[in-house]
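In my numbering, the protein residues as written are 127 to 312.
Right, one structure below, let's go through it.
Following this line, the structure appears as C-alpha coordinates:
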(Lines of atoms letter the chains of each structure in order from A and count residues from 1; the text may use other names and numbers.)
(Lines give C-alpha, C1' and ligand atoms only; values in the text may rest on other atoms or scores of the structure.)
Protein backbone atom coordinates (compact mmCIF):
# COMPACT_ATOMS: atom_id res chain seq x y z
CA UNK A 1 0.00 0.00 0.00
CA UNK A 2 1.35 3.40 -0.84
CA UNK A 3 1.30 5.54 2.25
CA UNK A 4 -0.49 8.72 1.25
CA UNK A 5 -0.92 9.92 4.81
CA UNK A 6 0.39 13.40 5.60
CA UNK A 7 3.76 13.16 7.39
CA UNK A 8 2.37 14.40 10.73
CA UNK A 9 -0.31 11.73 10.67
CA UNK A 10 2.04 8.95 9.50
CA UNK A 11 4.44 9.91 12.30
CA UNK A 12 1.71 9.25 14.87
CA UNK A 13 1.56 5.64 13.64
CA UNK A 14 5.26 5.02 14.22
CA UNK A 15 4.77 4.49 17.95
CA UNK A 16 4.52 1.01 19.42
CA UNK A 17 4.42 -0.98 16.18
CA UNK A 18 1.18 -2.50 14.87
CA UNK A 19 -1.70 -2.24 17.35
CA UNK A 20 -2.53 -5.17 19.57
CA UNK A 21 -5.64 -7.12 18.67
CA UNK A 22 -6.88 -6.67 22.23
CA UNK A 23 -7.04 -3.59 24.41
CA UNK A 24 -3.34 -3.19 25.20
CA UNK A 25 -1.64 -1.13 26.37
CA UNK A 26 1.62 -1.95 24.71
CA UNK A 27 4.96 -0.26 25.29
CA UNK A 28 5.86 2.76 23.22
CA UNK A 29 2.41 4.26 22.68
CA UNK A 30 1.34 7.73 23.70
CA UNK A 31 -1.31 8.61 26.25
CA UNK A 32 -4.43 10.52 25.25
CA UNK A 33 -2.95 13.59 26.98
CA UNK A 34 0.25 13.28 24.92
CA UNK A 35 -1.72 12.78 21.71
CA UNK A 36 -4.09 15.72 22.17
CA UNK A 37 -1.66 18.56 21.31
CA UNK A 38 -0.25 16.59 18.38
CA UNK A 39 -3.71 15.86 17.02
CA UNK A 40 -4.80 19.45 17.63
CA UNK A 41 -1.84 20.74 15.62
CA UNK A 42 -2.32 18.18 12.85
CA UNK A 43 -6.07 18.76 12.44
CA UNK A 44 -5.54 22.54 12.58
CA UNK A 45 -2.81 22.45 9.90
CA UNK A 46 -5.04 20.40 7.62
CA UNK A 47 -8.03 22.61 8.49
CA UNK A 48 -10.17 19.57 9.16
CA UNK A 49 -13.76 20.22 10.11
CA UNK A 50 -15.17 18.60 13.23
CA UNK A 51 -16.50 15.42 11.60
CA UNK A 52 -13.35 14.15 9.85
CA UNK A 53 -11.20 15.46 12.71
CA UNK A 54 -13.11 13.28 15.19
CA UNK A 55 -12.76 10.23 12.96
CA UNK A 56 -9.02 10.78 12.51
CA UNK A 57 -8.60 11.33 16.24
CA UNK A 58 -10.50 8.15 17.06
CA UNK A 59 -8.37 6.00 14.75
CA UNK A 60 -5.10 7.49 16.04
CA UNK A 61 -6.30 6.99 19.62
CA UNK A 62 -7.07 3.36 18.78
CA UNK A 63 -3.56 2.92 17.37
CA UNK A 64 -2.25 4.12 20.72
CA UNK A 65 -4.52 1.81 22.74
CA UNK A 66 -6.63 4.69 24.05
CA UNK A 67 -9.90 2.81 23.68
CA UNK A 68 -12.01 4.88 26.07
CA UNK A 69 -11.18 8.17 24.33
CA UNK A 70 -11.70 6.60 20.88
CA UNK A 71 -15.00 5.10 22.02
CA UNK A 72 -16.28 8.47 23.20
CA UNK A 73 -15.58 10.03 19.79
CA UNK A 74 -16.95 7.12 17.74
CA UNK A 75 -20.10 6.86 19.83
CA UNK A 76 -20.92 10.50 19.11
CA UNK A 77 -20.76 9.98 15.33
CA UNK A 78 -24.02 8.40 14.17
CA UNK A 79 -22.84 7.72 10.63
CA UNK A 80 -21.46 4.68 8.80
CA UNK A 81 -17.96 6.06 9.44
CA UNK A 82 -18.61 6.42 13.16
CA UNK A 83 -20.21 2.98 13.27
CA UNK A 84 -17.19 1.41 11.60
CA UNK A 85 -14.77 2.97 14.09
CA UNK A 86 -17.16 2.07 16.91
CA UNK A 87 -17.06 -1.55 15.75
CA UNK A 88 -13.26 -1.56 15.81
CA UNK A 89 -13.25 -0.15 19.35
CA UNK A 90 -15.50 -3.00 20.51
CA UNK A 91 -13.45 -5.57 18.60
CA UNK A 92 -10.37 -4.47 20.53
CA UNK A 93 -12.08 -4.37 23.96
CA UNK A 94 -12.90 -7.36 23.25
CA UNK A 95 -16.66 -7.35 22.81
CA UNK A 96 -17.02 -9.24 19.55
CA UNK A 97 -20.82 -9.41 19.40
CA UNK A 98 -21.12 -5.66 19.95
CA UNK A 99 -18.38 -5.12 17.36
CA UNK A 100 -20.41 -7.00 14.77
CA UNK A 101 -23.51 -4.97 15.65
CA UNK A 102 -21.63 -1.77 14.78
CA UNK A 103 -20.17 -3.30 11.61
CA UNK A 104 -23.72 -4.13 10.51
CA UNK A 105 -24.65 -0.48 11.13
CA UNK A 106 -21.64 0.62 9.05
CA UNK A 107 -22.96 -1.43 6.13
CA UNK A 108 -20.91 -2.02 3.00
CA UNK A 109 -18.49 0.79 3.84
CA UNK A 110 -16.63 2.64 1.09
CA UNK A 111 -13.32 1.81 2.85
CA UNK A 112 -13.74 -1.95 2.40
CA UNK A 113 -12.53 -2.13 -1.24
CA UNK A 114 -9.56 0.06 -0.28
CA UNK A 115 -8.70 -2.21 2.66
CA UNK A 116 -8.88 -5.26 0.38
CA UNK A 117 -6.57 -3.60 -2.16
CA UNK A 118 -4.14 -2.41 0.52
CA UNK A 119 -3.81 -5.94 1.88
CA UNK A 120 -1.99 -7.14 -1.24
CA UNK A 121 1.45 -6.94 0.45
CA UNK A 122 0.12 -9.06 3.36
CA UNK A 123 -1.60 -11.53 1.02
CA UNK A 124 1.27 -14.10 0.98
CA UNK A 125 1.15 -14.35 4.79
CA UNK A 126 -2.64 -14.65 4.67
CA UNK A 127 -2.39 -17.36 2.03
CA UNK A 128 0.23 -19.25 4.02
CA UNK A 129 -2.13 -19.29 7.00
CA UNK A 130 -5.06 -20.06 4.66
CA UNK A 131 -6.88 -16.93 5.74
CA UNK A 132 -7.16 -15.11 2.43
CA UNK A 133 -10.42 -16.79 1.48
CA UNK A 134 -11.94 -15.91 4.89
CA UNK A 135 -10.87 -12.26 5.09
CA UNK A 136 -11.18 -11.48 1.41
CA UNK A 137 -13.98 -13.64 -0.01
CA UNK A 138 -14.28 -12.77 -3.67
CA UNK A 139 -11.65 -10.08 -3.12
CA UNK A 140 -13.86 -8.14 -0.68
CA UNK A 141 -12.89 -7.18 2.89
CA UNK A 142 -15.00 -8.97 5.50
CA UNK A 143 -14.90 -7.23 8.91
CA UNK A 144 -17.02 -10.01 10.43
CA UNK A 145 -14.52 -12.70 9.43
CA UNK A 146 -11.70 -10.54 10.74
CA UNK A 147 -13.53 -10.20 14.07
CA UNK A 148 -13.95 -13.99 14.25
CA UNK A 149 -10.24 -14.49 13.55
CA UNK A 150 -9.31 -11.92 16.20
CA UNK A 151 -11.50 -13.82 18.68
CA UNK A 152 -9.72 -17.05 17.75
CA UNK A 153 -6.30 -15.41 18.06
CA UNK A 154 -7.12 -14.02 21.53
CA UNK A 155 -6.33 -17.43 23.00
CA UNK A 156 -2.90 -17.62 21.33
CA UNK A 157 0.49 -16.31 22.49
CA UNK A 158 1.43 -12.87 21.14
CA UNK A 159 4.30 -14.29 19.08
CA UNK A 160 2.04 -16.73 17.19
CA UNK A 161 2.09 -16.31 13.40
CA UNK A 162 -1.69 -15.81 13.28
CA UNK A 163 -1.58 -13.05 15.89
CA UNK A 164 1.31 -11.27 14.16
CA UNK A 165 -0.37 -11.48 10.75
CA UNK A 166 -3.68 -10.20 12.10
CA UNK A 167 -1.89 -7.28 13.73
CA UNK A 168 -0.42 -6.42 10.32
CA UNK A 169 -3.89 -6.63 8.79
CA UNK A 170 -5.30 -4.36 11.49
CA UNK A 171 -2.48 -1.85 10.90
CA UNK A 172 -3.43 -1.76 7.20
CA UNK A 173 -7.08 -1.28 8.18
CA UNK A 174 -6.20 1.70 10.40
CA UNK A 175 -4.00 3.35 7.75
CA UNK A 176 -6.67 2.98 5.08
CA UNK A 177 -9.33 4.42 7.37
CA UNK A 178 -7.14 7.44 8.06
CA UNK A 179 -6.65 7.96 4.33
CA UNK A 180 -10.38 7.65 3.69
CA UNK A 181 -11.31 9.99 6.55
CA UNK A 182 -8.74 12.58 5.53
CA UNK A 183 -10.23 12.62 2.01
CA UNK A 184 -13.61 13.68 3.43
CA UNK A 185 -12.32 17.23 3.21
CA UNK A 186 -11.34 17.04 -0.47
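Positions of the beta carbon are idealized from the N, C-alpha and C atoms, including for glycine.
- Under the 8 Å Cβ criterion, the segment 215 to 225 does not count as touching the segment 239 to 248, having fewer than three qualifying pairs.
- Distance check between residue 145 and each of 208, 297, 305, 157 places 297 closest, using alpha-carbon atoms only.
- For residue 216, the enclosing alpha helix (DSSP H) covers residues 206 to 218.
- DSSP places residue 201 in the helix class (H, G or I) of the three-state scheme.
- Contact between residue 217 and residue 273 is confirmed by a C-beta separation of about 5 Å, below the 8 Å threshold.
- When 147, 185, 151 are compared, the shortest CA-CA separation from residue 165 is found for 185.
- Looking only at 141, 286, 174, 233, the smallest Cα-Cα distance to residue 152 is reached by 141.
- Counting only residues of its own chain and dropping the five nearest sequence neighbours on each side, residue 294 has a CB closer than 8 Å to the CB of 144, 248, 251.
- The alpha-carbon separation between residue 190 and residue 264 amounts to approximately 32 Å.
- Rounded to the nearest angstrom, the Cβ distance from residue 203 to residue 149 is 21 Å, too far for a contact under 8 Å.
- Taking 9 Å as the cut-off, the beta carbon of residue 276 is found no closer than this to the beta carbon of residue 188.
- Around residue 197, the same chain offers 215 as residues with beta carbons nearer than 6 Å, after the five sequence neighbours per side are excluded.
- Annotation: residue 236 is outside any alpha helix (DSSP H) and is labelled neither H nor E by DSSP.
- For residue 268, the closest C-alpha among the options 304, 237, 138 is that of 237.
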